[in-house]
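Below: one structure, written as structure tokens.
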Amino acid sequence: MENHNDPSGYWRANVRLILGSLIIWALCSYGFAILLRPLLAGIKIGGTDLGFWFAQQGSIGVFIVLIFFYAWRMNKLDKQYGVDEE
Amino acid sequence: MSQYVINIVFVGLSFALYFGIAIWARAGTTSEFYVAGGGVHPVVNGMATAADWMSAASFISMAGLIAAGGYGASTYLMGWTGGYVLLAMLLAPYLRKFGKFTVPDFISDRFYSKTAAMIAVVCLIVASTTYVIGQMTGAGVAFSRFLEVENDTGLLIAAVVVFFYAVLGGMKGITYTQVAQYIVLMIAYTIPAVFISLELTGNPIPGLGLFSTHAESGVPILTKLDQVVTDLGFAAYTADVPNKLNMVLFTLSLMIGTAGLPHVIIRFFTVPKVADARWTAGWTLVFISLLYFTAPAVGAMARLNLIDTVYPQGVAEASLEYDQRPDWMATWEDTGLIKYNDLNNDGRIQMYNDSGLGAAQVALNTAEAEGGDVTAATAEVAKAQAAHDQELDGRFAEAGWAGNELDVNNDILVLANPEIAQLPPWVIGLIAAGGLAAALSTAAGLLLAISSAISHDLIKRNLNPNITDKGELQVARISMAIAIVVATWLGLNPPGFAAQVVALAFGIAGASLFPALMMGIFSKRINNLGAICGMLAGLITTLVYIFVFKGWFFISGTANFPDTAEYWLFGISPLSFGAIGALINFAVAFIVSYSTKAPPLHIQELVESVRSPRGAGGAIDH
């Protein structure tokens, strides 16, 4: 148990988690699917390239994983910092 | 049984179900009316939110946009889903903790300003009204196509149905009806897609079929599609887009617009706990993705099927004779959504990229018949003819083609899919019920957002703060009824802005509401003046940029520049400007706030309190 009554610590941990998640969010959608697509052109998947897959399906899958990961981590942080809803 | 009777049965059964649920889930208090009593399980709420979110545009139009745009249309797939990541992490849990009924509620308290709340109410009403007109007209089209009534009659039937369950049940009735509507629309969307995927690839899961082998030719389906469309002079289906900046900004605008749309945000007020708001976002996206994984497959396969229909012996051989065309093509020609024009008088259908020749020829014919500028039109035809004759080493000219002869409206792909794939009549009945479910579920959610803004934010906060709960419930029902009447009237007489949902609703939500809400939670320093200036700056720059290209207040002929890439600032289209507007909003709010005095202590405490989940349960009963 780290700092049970440290609201600013809880908020910092939350913001860190959000930043990390949003970096992955941006990397998969704006990165792999759009700006970095030419770099991934060599990786073939089902008759096209990996960037196309990220643009049409892959990024949505990543979004889902990110939200569930965030919800799960935040529930643990809520308890750790004692701010959960009993 | 005829197709007409089958359609009536499917639509009738689905409506009976919605009515049954509405009677069962009547709202007795304002809390039940606005937020379903705050007691909806996150999985159920996720399903309802998915139906709320997936509108007539997602159900009917999106696959057609993807079929036409290929890779470039991925913007819609990512943009309309990625916003839920922002909602889950940046807005939903904290707004749920705040624990009131509406989006302007939060703006009003956090920025201690009636002016800020008023701006939010106006943004909410304009964005939601633009959006709801599209749903009403979408429902009207579905009714008229499948139930063979006049378009206007269809729209009135839709209005009566929504009136019944939304006014009676409020958010509670809407939520449980949306669960049923989600199931109906999902089944309707998936079944034809499964059959088509099986037929083309042998894979029963359309999302996987998209990346598997085309059974007939033995090459991957996307490779096959790239081949046939380039043989017809189009850009390859998977081709990269030239303007990446615009694609990034368009995607970002759709994402922040999604996160800032009030009818989506209020869904997160209906769950019991802050943690549930986070889970709801996840479940919503799971339920949305079931359709969004299928949509790109529907788009690609429908395009391939359509080309296959027009060129039964391959794109290099003679095309389909008009007299031999399938029944569905004739049916849709009656609605005007498919148009055929035999430009070279060979009795066959040519569908290809004609470098604008067909359109130029039609314009010339019109000019000759109606006395327009014949010289200019002739020059246009000559220009298009030259480009046309050079395309693919003159292959089109050699074949005696004189321009594209078949115009297919994007919107019919999903609705006509079962007919194109020759599926049994009951599947067509199902599509009718599904399209209506998508339009009605979104309309109901939007109408609730509008009516709560009127009854709660305008009347209770400004005009009569002492109104009783029962009185407010009455007012909420009356505002809902008025909102439906207004939306129906606007649906019958669509104003210019009705077609601009993506630019207007997403632009407003993304450039004004999303930044204000986010800064209200993540900064204690943003004050009333900063928020007001920021919202106005974001809103006005975005609207001006849209109006300059699309006409002032969308009145045709008042645009200052043509809406094409060469005139856009840095190649940024009006649809993509919401993201820039949001940036301006953030910047202005920061500069103004830091040069004026900090918010009072109790506001900083309010921010502290929304950041911590503890104590959310009681907050709903304020």
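Chains as they are written, first to last, in the working numbering: chain D, 1002 to 1087; chain C, 9 to 630.
Glycine included, C-beta positions come from ideal geometry on N, C-alpha and C.
CB contact below 8 Å: residue i versus chain D
{"i": "C/W287", "result": "yes"}
{"i": "C/G90", "result": "yes"}
{"i": "C/F301", "result": "yes"}
{"i": "C/V294", "result": "yes"}
{"i": "C/K281", "result": "yes"}
{"i": "C/D316", "result": "no"}
{"i": "C/G46", "result": "no"}
{"i": "C/L230", "result": "yes"}
{"i": "C/H630", "result": "Legend: pLDDT at C/H630 = 42, less than 50; position of this residue unreliable, no value from coordinates given."}
{"i": "C/M527", "result": "no"}
{"i": "C/L544", "result": "no"}
{"i": "C/L85", "result": "yes"}
Span separating the alpha-carbon of residue i from that of residue j
{"i": "C/A24", "j": "C/L176", "result": "15 Å"}
{"i": "C/L73", "j": "C/G307", "result": "8 Å"}
{"i": "C/T550", "j": "C/I428", "result": "41 Å"}
{"i": "C/A451", "j": "C/Q321", "result": "44 Å"}
{"i": "C/T145", "j": "C/I588", "result": "30 Å"}
{"i": "C/T266", "j": "C/F172", "result": "28 Å"}
{"i": "C/M9", "j": "C/P432", "result": "12 Å"}
{"i": "C/G178", "j": "C/A484", "result": "9 Å"}
{"i": "C/A606", "j": "C/R533", "result": "6 Å"}
{"i": "C/V422", "j": "C/A305", "result": "11 Å"}
{"i": "C/F505", "j": "C/A223", "result": "45 Å"}
{"i": "C/R112", "j": "C/W497", "result": "Per the sequence shown, the amino acid found at residue 112 of chain C is Pro instead of Arg. Approximately 26 Å, taken between the alpha carbons."}
{"i": "C/L577", "j": "C/V192", "result": "43 Å"}
{"i": "C/A395", "j": "C/N412", "result": "14 Å"}
{"i": "D/I1024", "j": "D/G1032", "result": "10 Å"}
{"i": "C/Y430", "j": "C/L544", "result": "Note on identity: in this sequence residue 430 of chain C is Gln, with Tyr being the wrong assignment. Taking the straight line from one Cα to the other gives about 53 Å."}
{"i": "C/L466", "j": "C/T123", "result": "12 Å"}
{"i": "C/D629", "j": "C/V187", "result": "Per-residue confidence for C/D629 stands at a pLDDT of 44, beneath the threshold of 50, marking its modelled position as unreliable; no derived number is given."}
{"i": "D/C1029", "j": "D/S1022", "result": "11 Å"}
{"i": "C/D381", "j": "C/D362", "result": "23 Å"}
{"i": "C/G181", "j": "C/G45", "result": "11 Å"}
{"i": "C/G402", "j": "D/L1037", "result": "36 Å"}
{"i": "D/R1074", "j": "C/T183", "result": "28 Å"}
{"i": "C/N313", "j": "C/I204", "result": "9 Å"}
Residue-chain proximity (residue i, chain C), Cβ-Cβ < 8 Å
{"i": "D/I1044", "result": "no"}
{"i": "D/R1038", "result": "yes"}
{"i": "D/I1019", "result": "yes"}
{"i": "D/I1065", "result": "yes"}
{"i": "D/F1069", "result": "yes"}
{"i": "D/G1010", "result": "no"}
{"i": "D/D1007", "result": "no"}
{"i": "D/I1061", "result": "yes"}
{"i": "D/Q1057", "result": "yes"}
{"i": "D/M1002", "result": "A caution first: D/M1002 carries a pLDDT of 44, below 50, which makes its placement in the model too unreliable to give a value."}
Residue span of the beta strand (DSSP E) that contains residue i, given as start and end
{"i": "C/L95", "result": "Here C/L95 belongs to no beta strand (DSSP E), and DSSP marks it neither H nor E."}
{"i": "C/K478", "result": "Where C/K478 is concerned, there is no enclosing beta strand (DSSP E), although the alpha helix (DSSP H) it sits in stretches over 477-500."}
{"i": "C/V416", "result": "414-416"}
Residue i, enclosing alpha helix (DSSP H) - first and last residue
{"i": "C/D60", "result": "50-61"}
{"i": "C/K347", "result": "Segment 346-348 is the beta strand (DSSP E) holding C/K347; no alpha helix (DSSP H) there."}
{"i": "C/I68", "result": "Note, C/I68: premise wrong, no alpha helix (DSSP H); not H, not E."}
{"i": "D/C1029", "result": "No alpha helix (DSSP H) holds D/C1029; DSSP gives it neither H nor E."}
{"i": "C/V169", "result": "159-170"}
{"i": "C/A267", "result": "252-268"}
{"i": "C/G453", "result": "433-460"}
{"i": "C/S22", "result": "11-32"}
Margin query: Quick check: the region 314-329 of chain C against the region 356-364 of chain C, are at least 3 beta-carbon pairs closer than 8 Å?
Written below: yes
Next item on the list: Could you say if the region 199-212 of chain C and the region 520-529 of chain C meet the contact criterion of at least three C-beta pairs nearer than 8 Å?
Entry: no
Check: Taking three-plus beta-carbon pairs below 8 Å as touching, is the region 78-98 of chain C in contact with the region 234-247 of chain C?
Finding: yes
Check: Where in the region 516-545 of chain C do unbroken runs of the alpha helix (DSSP H), each at least 4 residues long, occur, reported from the N-terminal end onward?
Finding: 522-530
Notebook entry, point to check: Three or more beta-carbon pairs under 8 Å between the region 291-311 of chain C and the region 46-54 of chain C, yes or no?
Noted result: yes
Notebook entry, point to check: For the region 471-487 of chain C against the region 25-42 of chain C, are there 3 or more C-beta pairs whose distance is under 8 Å?
Noted result: yes
Notebook entry, point to check: So does the region 212-223 of chain C actually touch the region 481-492 of chain C, counting three or more Cβ pairs closer than 8 Å?
Noted result: no
Next item on the list: Can you check the region 538-607 of chain C for any alpha helix (DSSP H) of at least 4 residues that lies completely inside it and give the ranges in chain order?
Entry: 585-602
Next item on the list: Specify whether the region 1064-1084 of chain D and the region 84-97 of chain C touch according to this definition: at least 3 beta carbon pairs, one from each stretch, less than 8 Å apart.
Entry: yes
Check: Does the region 606-623 of chain C come close enough to the region 559-572 of chain C to have 3 or more Cβ pairs within less than 8 Å?
Finding: no
Item checked: Three CB pairs or more closer than 8 Å across the region 251-269 of chain C and the region 158-165 of chain C -> no
Note to self: Can you confirm whether the region 145-158 of chain C touches the region 438-451 of chain C when touching is taken to mean that 3 or more C-beta pairs between the two stretches lie within less than 8 Å?
What the structure shows: yes
Next item on the list: Kindly confirm or deny that the region 103-112 of chain C and the region 275-282 of chain C touch, where touching means at least three C-beta pairs closer than 8 Å.
Entry: yes
Item checked: Every unbroken beta strand (DSSP E) within the region 308-380 of chain C, with a cutoff of 3 residues, ordered by chain -> 346-348
Check: Do three or more CB pairs link the region 579-599 of chain C to the region 509-524 of chain C at distances below 8 Å?
Finding: yes
Next item on the list: Please go through the region 90-150 of chain C and give each complete alpha helix (DSSP H) segment of 4 or more residues, from N-terminal end onward.
Entry: 100-106, 111-118
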